[in-house]
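Just so we're aligned: 165 in the numbering used here is position 92 of the sequence shown, and the numbers increase by one with no gaps anywhere. C-beta atoms are modelled at their ideal positions from N, C-alpha and C, and glycine is treated no differently. Here the structure is a predicted model, which means the values were calculated and not measured. Written below as structure tokens is the structure these notes are about.
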Amino acid sequence: MPKQQKILIRASIAFAALFAVAPVSNAMHIMEGYLSAGYCIAWGAVCLPFLIAGFISLRNKVKENRRNLTLIAMSGAFIFVISSLKIPSVTGSCSHMTGTGLGAVLFGPAAVSVLGIIVLIFQAVLLAHGGLTTLGANTFSMAIAGPLVSFGIYKLCQSVKLNRRVGIFLAAFLGDLFTYCVTSIQLALAYPSESGGVAASAVKFLGIFAPTQLPLAVIEGILTVVIVIGLETYAKPELRSIGFLSGRKGAQEQ
Numbered sequence: 074m075p076k077q078q079k080i081l082i083r084a085s086i087a088f089a090a091l092f093a094v095a096p097v098s099n100a101m102h103i104m105e106g107y108l109s110a111g112y113c114i115a116w117g118a119v120c121l122p123f124l125i126a127g128f129i130s131l132r133n134k135v136k137e138n139r140r141n142l143t144l145i146a147m148s149g150a151f152i153f154v155i156s157s158l159k160i161p162s163v164t165g166s167c168s169h170m171t172g173t174g175l176g177a178v179l180f181g182p183a184a185v186s187v188l189g190i191i192v193l194i195f196q197a198v199l200l201a202h203g204g205l206t207t208l209g210a211n212t213f214s215m216a217i218a219g220p221l222v223s224f225g226i227y228k229l230c231q232s233v234k235l236n237r238r239v240g241i242f243l244a245a246f247l248g249d250l251f252t253y254c255v256t257s258i259q260l261a262l263a264y265p266s267e268s269g270g271v272a273a274s275a276v277k278f279l280g281i282f283a284p285t286q287l288p289l290a291v292i293e294g295i296l297t298v299v300i301v302i303g304l305e306t307y308a309k310p311e312l313r314s315i316g317f318l319s320g321r322k323g324a325q326e327q
């Protein structure tokens, strides 16, 4: 990575730390106006370094091979469609699949942060799903935290030589669930329980989300595996160009 890009990322991290620490210390799509201005600014600042790293990552992937744009666009469309199918779960939020596990497995978590925030902006403006003031909080939970877990789980499964498709399922499944764990914590920080504080409030939100989110996470894991099987069948050159497939016979089954 060039020196200028490293300096830019470090500066954004410093900015995030400066503006995020104070509001958060007091304190799935969270709707418009549900968080105070302090929390909105804090979560937006925390997202900034990830978004800059994601922009650099996507730019480099496109420079490496223009054909990568096809898979990038497909990953973004998958996130948009699958995360637009929402089920009301609790006042101020809802349950839905995220779709970010696919992009995290293919391109890494940094790239998904940019795809995620683009999707969230379109959903807030066109579908009234989420909000512009809560964009930072929603981006962190769905487009940063979830993809980081998905990517980590997938790499862990690779390191222990687990079947590729099982690893993809676990990555999408656990990334989806972790997104909602983060959302529950965000809501708990903003609205702590009078008896028990943030911890009690987080347990309450998690308990409300669980009945709808667990089956949705399973469905997302299965859908992600199906999409990857389709790509392995019809888009092998593109998958090899991003390093997802090695070129060895039967690589897609590993």
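{"Check": "Take the Cβ of Val154 as the centre, count every other Cβ of all protein chains shown within 10 Å, and call the residue buried at 16 or more, exposed below.", "Outcome": "exposed"}
{"Check": "May I ask you to report which of helix, strand or coil DSSP gives Ser266?", "Outcome": "strand"}
{"Check": "Beta-carbon within less than 6 Å of Lys134's beta-carbon, same chain only, minus the 5 sequence neighbours each way: which residues are those?", "Outcome": "Asn141"}
{"Check": "Just mark Tyr307 as buried or exposed, buried being the case when its beta carbon has 16 or more other beta carbons within 10 Å.", "Outcome": "exposed"}
{"Check": "Exposed or buried, which one is Asn99 when buried takes at least 16 other CB atoms within 10 Å?", "Outcome": "Unreliable placement is indicated for Asn99, whose pLDDT of 29 sits below 50; the coordinate value is still reported in the next sentence. Counting Cβ neighbours within 10 Å, Asn99 comes out exposed, since fewer than 16 surround it."}
{"Check": "With Leu131 as the anchor, note down where its alpha helix (DSSP H) starts and where it stops.", "Outcome": "110-137"}
{"Check": "When you compare the CB positions of Gly203 and Leu193, do they come within less than 8 Å of one another, or not?", "Outcome": "yes"}
{"Check": "Here's a check: name, in chain order, each residue in its chain whose Cβ is nearer than 7 Å to the Cβ of Pro265, leaving out the five neighbours to either side.", "Outcome": "Val271, Ser274"}
{"Check": "Can you say whether Thr206 is buried or exposed, counting buried as having 16 or more other CB atoms within 10 angstroms of its CB?", "Outcome": "buried"}
{"Check": "Unbroken beta strand (DSSP E) runs of length 3 or more, entirely within the stretch 206-232: which are they?", "Outcome": "none"}
{"Check": "Nearest to Leu289 by CA position, among Gly117, Tyr112, Ser156, Trp116, is which residue?", "Outcome": "Ser156"}
{"Check": "Residue range of the alpha helix (DSSP H) that Met147 falls in?", "Outcome": "141-156"}
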